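Please read the structure below before turning to the comments.
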Amino acid sequence: MRRRATDYRRPVRRRFSHWICALLGLFVVAVLVLFVVHHNHNEDRVEHPVHEDDSRMERVVHEKLNLTEEILSATSLSRQLAEQMTLAKAYVVIAKEHNNFHLAWELSSMIRSCQLLLSKAAMRGKPITLEEAESIISRLSSLIYKAEDAHYDIATTIVTMKSHIQALEERANAATVQSTVFGQLVAEAFPKSLHCLILKLSADWLKRPPLQDLANERRNSPRLVDNNLYHFCIFSDNVLATSVVVNSTISNADHSKQIVFHIITNGVSYGAMQAWFLSNDFKGATIEVQNIEEFSWLNVSYAPIVKQLLDVGSRTYYFGENPNIEPKLRNPKYISLLNHLRFYIPEIYPQLEKIVFLDDDVVVQKDLTPLFSLDLHGNVNGAVETCLEAYHRYYKYLNFSNPIISSKFDPQACGWAFGMNVFDLIAWRKANVTARYHYWQEQNSDKTLWKLGTLPVGLLAFYGLTEPLDRRWHVLGLGYDLNIDNRLIESAAVIHFNGNMKPWLKLAIGRYKPLWERYINLSQPYLHECVTS
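Numbering follows the working numbering, with no gaps: position 524 of the sequence shown is 509.
Below, the structure written as structure tokens:
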């Protein structure tokens, strides 16, 4: 046989091994590429949430927790705890009523744990974690299920919840009454700044005899009784409020030199009032200040109101422990003689024929002299009616169950407002309105016809003698109503801060207060020291 060449298969073997190596190499490279890509993808996927978690944690650390928002959030653990706690409280009451004191104790214990956890979350400023809340939620859920399963049927639960709703309503009503009382106390309080102003002005009055001489000299001015001039009257012990009324009236008058102001105050404020109005300029207007304590004719034998104000029983009725008296009626102004002085205007100013009465809590925005040319059609009192709302009719002020009232007055008669009134004093004297006022004061000595104040008796005394004025002459409510139309305020000749939120108090309505403040005379040094500071 022929012998096979020795190198016959070598080339084939060499080519085969080369292919094997090439394939293995490609496989290794592919594996390495896949490994690198897969590794990088995992890193991106893992590291990204870590950074997000870190940033989220940083935000949690830097942002303080708002527990209210947390409880309102539908997905928060705080809300779940709060809802469970509310339900648990209801079952505590029901369990106690069924003498299941052990269950009630367990529920109360878990309620305290809930409260403690919520308090800790609020203190540290971080949300409650699942680890913290899980055991409490689980245990409380178990107890609530136990309570639901312990024969507390739906009817029992409803009755119990109704009784608790009623109790809550009673507590809310009590809180409302308490709030009213506190608001009334604030309204009655005389600010320290005004006390300071009165003291400094009174001291000035006593230390400066020239001021007293000037006051005596002006007391006999013929302008005080000149019916060709425009006469206004204010009865108040509040120096600052009175100055705003006078300043706003004169500032908006077309002819300020033809205006005469008649101010009556009490003995405490008399010196301060004199010092203020004698030391300031009012564009040539005449200003008279009188002391009510000098009216010797206004005594017990003549005026029923004086007798009633001095009566211990009346003071006890309104300011003693009487649960039937509304808090708003306990305001000392209602038993102030200055408040009732408006019914004696013709006797205080016997030579005048027409006068405009202004309360000390009004601001004048337009010229009021046209009021003196209005035709009152023989009536005594020109006033703005307030019966646009049903509660300002006669039956809301007076006791129509008493035949003395129901036989003489229409319960649907329209009420009107004191605060800006034009009085025809000739017609007043002819109708003898003051005598009518005395009659009704005597009839109400037992406090059965009306409670307190000057408006109810005014409605009786001026019944059939009141001429309705255009509403724009006198806009009321700035001392209690937050929603008066700005257009109505701007069109008003007089705006009235009737109500507890007087503009000189801290509880004044901020929206309206600038309307009053613009007429304060800030050039007065004592005002700067006492009020501004």
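Just so you know, even glycine gets a beta-carbon here, dropped at the ideal spot from N, CA and C. Since this is a predicted model, take the numbers as computed values, not measurements.
- Contact between the region 411 to 424 and the region 347 to 365 is established, with three or more Cβ pairs separated by less than 8 Å.
- DSSP places Thr371 outside both helix and strand once states are collapsed to three, so it counts as coil.
- It is roughly 23 Å from the alpha-carbon of Ala188 to the alpha-carbon of Asn232.
- Counting the other Cβ atoms within 10 Å of the Cβ of Ala270 gives 16 or more, which makes it buried.
- At a Cβ-Cβ threshold of 7 Å, Phe217 and Ile249 do not count as neighbours.
- Looking at the DSSP output, Gln275 sits in a beta bridge with Ile249.
- Bounds of any beta strand (DSSP E) do not take in Lys393, whose DSSP letter is neither H nor E.
- Taking C-beta separations shorter than 7 Å and ignoring five residues to either side along the sequence, the partners of Gln243 in its chain run Leu214 and Tyr215, following chain order.
- The beta carbon of Asp239 sits closer than 7 Å to the beta carbons of Asp352 and Thr354 from its chain, once the five residues preceding and following it are set aside; these are given in chain order.
- Nearest to Ala67 by alpha-carbon distance, out of Leu102, Gly462, Met258 and Ala416, is Leu102.
- Straight across, the Cα-Cα distance linking Val245 with Asn324 is about 21 Å.
- Secondary structure note for Leu353: it is in no alpha helix (DSSP H), with a DSSP letter that is neither H nor E.
- By the CB criterion at 7 Å, Leu500 and Asn483 fall outside the cutoff.
- Counting only the Cα atoms, Glu202 lies some 15 Å from Ser264.
- As DSSP reads the structure, Phe342 sits in a beta bridge with Cys218 and Asn406.
- Gln426 is positioned such that its CB atom lies closer than 7 Å to that of Ile290.
- By the C-beta density criterion, Thr60 is exposed, having fewer than 16 other C-beta atoms within 10 angstroms.
- Approximately 6 Å separates the beta-carbon atoms of Leu440 and Phe403; this is inside 8 Å, confirming the contact.
- Distance from the CA of Asp360 to the CA of Ala416, rounded to the nearest whole angstrom, comes to 17 Å.
- The continuous stretches of alpha helix (DSSP H) do not include Ile480, which lies in the beta strand (DSSP E) extending over residues Val479 to His481.
- Closest option to Arg457, judged by alpha-carbon separation, among Leu463, Gly449, Glu475 and Ala446: Glu475.
- Annotation: the continuous alpha helix (DSSP H) that includes Thr234 extends over Val224 to Ser236.
- Distance between Leu512 and Ala257, taken at the CA atoms: about 12 Å.
- In the DSSP assignment, Pro331 falls within the unbroken alpha helix (DSSP H) covering Ile330 to Ile333.
- In the structure shown, the three-state DSSP call for Val77 is helix.
- Assigned with DSSP and collapsed to three states, Val285 falls in coil, not helix or strand.
- For Val479, the closest C-alpha among the options Asn406, Trp435, Leu373 and Leu492 is that of Asn406.
- For a cut-off of 8 Å, the C-beta gap from Lys185 to Cys515 is around 7 Å, short enough to register as a contact.
- One Cα belongs to Ala107, the other to Val349, and the distance between them is close to 52 Å.
- With contacts defined by Cβ atoms closer than 7 Å, Val347 and His481 form a contacting pair.
- Secondary-structure assignment with DSSP links Glu452 through a beta bridge to Gly367.
- Under the three-state reduction of DSSP, Ile113 is assigned to coil, being neither helix nor strand.
- Rounded to the nearest whole angstrom, the C-alpha separation of Asn468 and Ile505 is 25 Å.
- Residue pairing for Arg378: DSSP places it in a beta bridge opposite Cys399.
- Separation of Ser178 and Gly495 (C-alpha to C-alpha, rounded to the nearest whole angstrom) is 19 Å.
- Boundaries of the alpha helix (DSSP H) around Asn201: Pro194 to Arg204.
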